[in-house]
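**Student:** The structure that follows is given in the form of structure tokens.
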Amino acid sequence: MDASANEIPFRFVAKTSDVEPGKNRCFQVEDRNVLLIHLPNGTFRAVENQCSHEKKPLEGGRVRNGKIVCPHHGANFDLQTGKAMSAPAVLPIHVYPVKVEGDEVMVQLVDPPKKPKNPFAIPGVTGF
Ligand code: FES
Numbered sequence: 002m003d004a005s006a007n008e009i010p011f012r013f014v015a016k017t018s019d020v021e022p023g024k025n026r027c028f029q030v031e032d033r034n035v036l037l038i039h040l041p042n043g044t045f046r047a048v049e050n051q052c053s054h055e056k057k058p059l060e061g062g063r064v065r066n067g068k069i070v071c072p073h074h075g076a077n078f079d080l081q082t083g084k085a086m087s088a089p090a091v092l093p094i095h096v097y098p099v100k101v102e103g104d105e106v107m108v109q110l111v112d113p114p115k116k117p118k119n120p121f122a123i124p125g126v127t128g129f
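In the working numbering, each residue's number is its place in the sequence shown (first place is 1) plus 1.
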């Protein structure tokens, strides 16, 4: 996150009671599909509701040990960093900064970083 991210306001997503602990739910915030995850320890995480593998929704994926499991092909993502922790995903998912004020969960709609290079890409071959 760069210094300009500090200037981006936090936006209301949901009430803390809107997502049960251990569950996740997608909310439309401006033009983004934000997946709000309520961890069993009571804290919240927010990620773009899109798996980096085949761009399918992550909503409904199991949440365990700070990770979410894509409900489609089982890739795991770290909810703190967005890093892909298992195949078939290689690239990270986008993570939004979250804060809770009273009973309201807010996210900062920072843009995703530039797409990282695919470590398995073959020079001159597209389609990854
Ligand atoms: S779409 Fe998520 S693992 Fe394939």
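C-beta atoms are modelled at their ideal positions from N, C-alpha and C, and glycine is treated no differently.
Every value quoted in this text rests on a predicted model; they were computed, and no experiment measured them.
Would the beta-carbon of Pro89 be found less than 7 angstroms away from any heavy atom of the ligand FES?
**Tutor:** Translated into positions along the sequence shown, residue 89 becomes position 88. Yes, the beta carbon of Pro89 sits closer than 7 angstroms to at least one heavy atom of the ligand FES.
**Student:** What's the call for Asn66, buried or exposed, on a 16-neighbour Cβ count within 10 Å?
**Tutor:** The sequence position of residue 66 within the sequence shown is 65, counting from 1. Per the 10 Å Cβ criterion, exposed.
**Student:** Please classify Ile69 as buried or exposed, where buried requires at least 16 neighbouring CB atoms within 10 angstroms.
**Tutor:** Within the sequence shown, numbered from 1, the residue matching residue 69 stands at position 68. Under this definition Ile69 is a buried residue.
**Student:** In chain order, what residues of the same chain lie with their CB nearer than 7 angstroms to the CB of Ala4, ignoring the 5 residues before and after it?
**Tutor:** Position 3 of the sequence shown, counted from the start, is the residue given in the question as residue 4. Its pLDDT being 46, under 50, Ala4 is placed unreliably in this model, and the value from its coordinates should be taken loosely. None.
**Student:** Any idea if Gly83 is buried or exposed, counting beta-carbon neighbours within 10 angstroms, 16 or more meaning buried?
**Tutor:** As a first step, residue 83 must be located in the sequence shown, where it is residue number 82. Result: buried.
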